[in-house]
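Here's the structure we're looking at; comments come further down.
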Amino acid sequence: MLEFAFMQRALLAAILVGAVCGTLGFFIILRRLAFIGVGISHSAIGGVAIGLLLGIDPLITAGIFAIAVALGIAVVRKRADLSEDAVIGVFFSGSMALGIVLFSMNHGYQQDLFGYLFGNVLALSTTELWLLAGAGLVVVATIVLALREMLFIAFDEEVARAYGRPVDLLNSLLLVLVAVTVIIGVRLVGVLLIEALLVVPAATAALWTNNFRSQIVLSAGLGSACGVAGLAGAYWLDIAAGGSIVLAAVILFFSSVLIRGRG
Amino acid sequence: MSDGSIIETDAANRPAPGTTVVGVRNVCVDVAGRSVLRDITFDVPAGQFVGLVGPNGAGKTTLLKTILGLIEPKFGHIELFGSSGPRRGREAHSVGYVPQRHAIDRNFPATVRDVVMMGRLCCLGPIGRPRRADWKQVDDMLDTVGIADLRARNIGQLSGGEQRRAMLAQALCASTRLLVLDEPTIGLDLPAEHDFYSLLRQLQADLGLTIVAVSHDLVALAGEADALICINGHMHIHGNPDDVVHSHAIREAYSCEFNFLAGELALHEGGGDHDH
Ligand SMILES: Nc1ncnc2c1ncn2[C@@H]1O[C@H](COP(=O)(O)OP(=O)(O)OP(=O)(O)O)[C@@H](O)[C@H]1O
Ligand SMILES: [Mg+2]
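Listed in order, the protein sequences are those of chains A and B.
In this text, residue positions in the first sequence follow my numbering: the first is 1, and each later residue adds one.
In this text, residue positions in the second sequence follow my numbering: the first is 264, and each later residue adds one.
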């Protein structure tokens, strides 16, 4: 299958996105941010629609939109008088509704919509692949540099605060990284399925080891492996790549649950 | 067990005896719109071990958090090491905090060593990586608190008492000069509680630590602390432990009678109470 240039690019993207999602996924699992991940990724739909309507690259507007929603959620999380879950629900259903309304205004966009919802990795250009690699590197480097600080906050946020650690900054940063990773993953699996790559490989890794270093490395490796396996499956079976990749991850998760007997 | 292992917190780093390490000045705190602390004022001199007592809901935890800068007082202010205002960054190091019992996730993916190193992050610089000297400090502190053999275990797999010691090591490993403890002996059996207090006394002596500890075990605390402070919304009494436990003020704070001579506390008849 690698005789085609577009397949080579797709494969590189799958490895890259899998690794970035797996790395960040460690903290999504540890901090129980899965629902927030859903909120941020689904809200990107509104951004995509705005981009298509204005004739700007939808990934740019989706990125701006997702980061704005991430920061909005970060602000809301600090307020004790609002129910976090409810507000996230409002954010993402609101921006999805906005997206759907905008899409309905021009039926010509519907083909594009499908690609953003479920991924369209075979259409990835070389420039996009480079951008993706650059953004992925930034995300992973940020996590590596802030690893111990973020672990401290996950362990005891209040003590971290008492010791003068920049807790609010790092909490917001984590959500912004989620937004950036969602955009990185849109091409591969689309906004509706990116959450799976953020959660499933990391949850699988947590079944196998109980040390943060090995969990992160394993999670990133599993993310990449699922990307490759899913893409190969999509090629040979002629099925949608995004769904195939996520199914590979889910199968791996349930196999791990069975083997590890923690289910 | 701590001989020679105490590095960094040497004599030069100690506040001179007699200087005030914690100064609480007319502090009033509101939590969620309700007045919790009213006009709290006291000093903790360098090197002293102060016990903070009061009934449930008296505002002890709130007071500790205010001292740590986690809660802003509505009125009044806190002085630490003679200066008030924000203590972010470098200065925050010298304060160690062991919060009221929090359940540690059984599966938290970090070893005891990694968790103790968290207490040293403030010494590592913005993107600092722990160096060999930092790991040595961590290992020395694990040795000091007596759980060196558990350093490679995951934190969630330790018993409650062992976790307490790990949290103490975490609080101590950043050249700590002031230790703030919220009910550190809760859940410990009697010998373990005794050991824990001896460890605190030893740290106090070896490191010149100033200690503020909240506990509900008045009997044990009165035997170990240099001074007791009793609050219940406002100050009730501050003095040497013997005087405090026999004072009228502490009975008022708890709205009951204590019988300390028997070595245990007993509710007296006549307070309008039921039972026997
Ligand atoms: N987050 C909060 N929201 C609302 N009220 C609070 C909050 N935290 C504390 N309080 C109130 O402040 C008062 C003091 O609480 P605090 O935790 O300081 O008491 P405490 O002396 O530590 O009690 P305990 O011995 O039970 O630990 C209590 O009446 C409590 O209801
Ligand atoms: Mg308390």
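Note that beta-carbon positions come from the ideal geometry of N, C-alpha and C, so glycine has one too.
It should be emphasised that the depicted structure is a prediction, and the values quoted were computed from it without experimental measurement.
In chain order, which continuous runs of the beta strand (DSSP E) of length 3 or greater are located wholly inside the region 422 to 503 of chain B? Correct list: 441 to 445, 473 to 477, 490 to 495, 497 to 502.
I think THR448 of chain B touches SER478 of chain B, with their Cβ atoms under 8 Å apart; what is that distance to the nearest whole Å? By one-based count along the second sequence, residue 448 of chain B stands at place 185. By one-based count along the second sequence, residue 478 of chain B stands at place 215. 6 Å between Cβ atoms; contact.
At the level of alpha carbons, what is the spacing between VAL549 of chain B and LEU124 of chain A? Residue 549 of chain B cannot be examined here, being either before or after the span of chain B that is shown, 264 to 539.
On the DSSP bridge assignment, give the partners of TYR360 of chain B in chain order. If you number the second sequence from 1, residue 360 of chain B lands on position 97. TYR360 of chain B pairs with B:VAL443.
Can you pull every residue whose C-beta falls closer than 5 Å to some heavy atom of ligand 1, listed in chain order? In chain order, the qualifying residues are B:VAL294, B:ALA295, B:VAL299, B:ASN319, B:GLY320, B:ALA321, B:GLY322, B:LYS323, B:THR324, B:THR325.
Would you check whether ligand 2 has a heavy atom nearer than 7 Å to the C-beta of ASP445 of chain B? Here residue 445 of chain B refers to the residue found at position 182 when the second sequence is read from its first residue. ASP445 of chain B Cβ: within cutoff of ligand 2.
Segment limits, alpha helix (DSSP H) that includes ASP406 of chain B: To locate residue 406 of chain B, count along the second sequence from 1; it is residue 143. Per DSSP, ASP406 of chain B belongs to the alpha helix (DSSP H) from 395 to 407.
Quick one: grab the DSSP three-state call for HIS107 of chain A. Walking along the first sequence from the start, residue 107 of chain A turns up at place 107. Helix, per DSSP.
From ARG353 of chain B to ARG428 of chain B, what does the alpha carbon distance come to, in whole angstroms? For the purposes of this step, residue 353 of chain B is taken as residue 90 along the second sequence, with counting starting at 1. For the purposes of this step, residue 428 of chain B is taken as residue 165 along the second sequence, with counting starting at 1. Below a pLDDT of 50, predicted positions are generally treated as unreliable, and ARG353 of chain B, at 46, falls in that range; the measurement from the model is reported next regardless. Rounded to the nearest angstrom, the gap between the Cα atoms of ARG353 of chain B and ARG428 of chain B is 25 Å.
In the DSSP assignment, find the unbroken beta strand (DSSP E) run with PHE305 of chain B in it and report its ends. Indexing the second sequence from 1 puts residue 305 of chain B at position 42. Element bounds for PHE305 of chain B: 297 to 308.
Does the beta carbon of MET380 of chain B sit closer than 8 Å to a beta carbon anywhere in chain A? Here residue 380 of chain B refers to the residue found at position 117 of the second sequence. With 8 Å as the cut-off, MET380 of chain B counts as an interface residue toward chain A.
Spatial distance of LEU218 of chain A from ALA249 of chain A (CA atoms): By 1-based counting over the first sequence, the position of residue 218 of chain A is 218. By 1-based counting over the first sequence, the position of residue 249 of chain A is 249. Whole-angstrom Cα-Cα distance: 13 Å.
For TYR460 of chain B, I'd like the list of residues in its chain whose CB is within less than 6 Å of its CB, leaving aside the five on either flank, ordered along the chain. As a first step, residue 460 of chain B must be located in the second sequence, where it is residue number 197. Around TYR460 of chain B: GLU487.
If you draw a straight line from the alpha carbon of VAL17 of chain A to that of GLY25 of chain A, how long is it in whole angstroms? Residue 17 of chain A sits at position 17 when you count from the first residue of the first sequence. Residue 25 of chain A sits at position 25 when you count from the first residue of the first sequence. C-alpha separation (whole angstroms): 12 Å.
Those residues which DSSP pairs with ASN171 of chain A across a bridge: Mapped onto the first sequence, residue 171 of chain A falls at position 171. Answer by DSSP bridge pairing: none, since ASN171 of chain A is not bridged.
Once DSSP output is grouped into helix, strand and coil, what is the label at LEU33 of chain A? As a working mapping, residue 33 of chain A is identified with position 33 in the first sequence. LEU33 of chain A falls in the coil class under three-state DSSP.
Could you check if GLN363 of chain B belongs to the surroundings of ligand 2, using beta carbon to heavy atom distance under 7 Å? Here residue 363 of chain B refers to the residue found at position 100 of the second sequence. At least one heavy atom of ligand 2 is nearer than 7 Å to the Cβ of GLN363 of chain B, so yes.
Would you list the residues sitting across from GLY136 of chain A in a DSSP beta bridge? Indexing the first sequence from 1 puts residue 136 of chain A at position 136. Per DSSP, GLY136 of chain A has no beta-bridge partner at all.
Sheet register partners of HIS340 of chain B (DSSP bridge): Here residue 340 of chain B refers to the residue found at position 77 when the second sequence is read from its first residue. B:ARG288, per the DSSP bridge assignment.
Around the C-beta of ILE100 of chain A, are 16 or more other C-beta atoms found within 10 angstroms, so that it is buried, or is it exposed? Sequence index remark: in the first sequence, residue 100 of chain A carries index 100 (1-based). With fewer than 16 Cβ atoms within 10 Å of its Cβ, ILE100 of chain A is classed as exposed.
Counting only beta-carbon atoms, is GLU84 of chain A nearer than 8 Å to chain B? Mapped onto the first sequence, residue 84 of chain A falls at position 84. Output row for GLU84 of chain A: interface = no.
Report all residues from its chain with a CB closer than 7 Å to the CB of MET404 of chain B; omit the five preceding and five following residues, and keep chain order. Locating residue 404 of chain B in the second sequence gives position 141, counting from the first residue. So the list reads VAL379, ALA432, LEU435, CYS436, once near-sequence residues are dropped.
Who are the near neighbours of THR324 of chain B in its chain, counting only those whose CB is closer than 6 Å to its CB and skipping five residues on each side? Against the second sequence, residue 324 of chain B aligns to sequence position 61. Excluding positions up to five away in sequence, the list reads GLN363, ASP445.
At the level of alpha carbons, what is the spacing between ARG351 of chain B and ILE45 of chain A? Here residue 351 of chain B corresponds to residue number 88 of the second sequence, with the count starting at 1. Here residue 45 of chain A corresponds to residue number 45 of the first sequence, with the count starting at 1. A caution first: ARG351 of chain B carries a pLDDT of 45, below 50, which makes its placement in the model unreliable, though a value can still be read off. Rounded to the nearest whole angstrom, the CA to CA distance from ARG351 of chain B to ILE45 of chain A is 40 Å.
Beta carbon of ALA70 of chain A nearer than 8 Å to that of ALA179 of chain A: Along the first sequence, read from residue 1 onward, the residue named residue 70 of chain A stands at position 70. Along the first sequence, read from residue 1 onward, the residue named residue 179 of chain A stands at position 179. Yes. Within cutoff.
Run down chain B in chain order and give the residues with a C-beta less than 9 Å from the C-beta of LEU53 of chain A. Counted from its first residue, the first sequence places residue 53 of chain A at position 53. The contacting residues do not exist; LEU53 of chain A stays about 41 Å from chain B at best.
In terms of residues, what are the limits of the beta strand (DSSP E) holding GLY314 of chain B? Taking the second sequence and counting its residues from 1, one reaches residue 314 of chain B at position 51. Bounds of the beta strand (DSSP E) holding GLY314 of chain B are 312 to 316.
For SER43 of chain A versus ALA80 of chain A, is the C-beta spacing smaller than 8 Å? Start at 1 with the first residue of the first sequence, and residue 43 of chain A comes out as number 43. Start at 1 with the first residue of the first sequence, and residue 80 of chain A comes out as number 80. Contact flag unset, no.
Taking only three categories from DSSP, how would you classify SER510 of chain B? One-based indexing of the second sequence puts residue 510 of chain B at position 247. Note: SER510 of chain B maps to coil in three-state DSSP.
Using the beta-carbon count (16 or more within 10 Å), is SER244 of chain A buried or exposed? Your numbering for residue 244 of chain A matches position 244 in the first sequence. SER244 of chain A comes out buried.
Amino acids of chain B, ordered along the chain, whose beta-carbon sits closer than 8 Å to that of LEU151 of chain A: If you number the first sequence from 1, residue 151 of chain A lands on position 151. The answer, in chain order, is ALA373, ASP377, MET381.
Against chain A, with Cβ distances strictly below 8 Å, would CYS385 of chain B count as a contact? Counting from 1 along the second sequence, the entry for residue 385 of chain B is found at position 122. Yes, CYS385 of chain B counts as interfacial toward chain A.
Relative to the alpha-carbon of PRO259 of chain A, which residue among A:GLY230, A:LEU207, A:ALA240, A:ASP238 has its alpha-carbon at the smallest distance? As a position in the first sequence, residue 259 of chain A is number 259, starting the count at 1. Sequence inspection shows Ile at residue 259 of chain A; the Pro mentioned does not correspond to that position. Distance from the Cα of ILE259 of chain A is smallest, within the candidate group A:GLY230, A:LEU207, A:ALA240, A:ASP238, for A:LEU207.
Helix, strand or coil: which one does DSSP assign to ILE251 of chain A? Locating residue 251 of chain A in the first sequence gives position 251, counting from the first residue. Helix at ILE251 of chain A.
Decide if the region 325 to 341 of chain B is in contact with the region 284 to 294 of chain B; the criterion is three or more beta carbon pairs, one per stretch, under 8 Å apart. Yes: the two stretches touch, three or more of their Cβ pairs being nearer than 8 Å.
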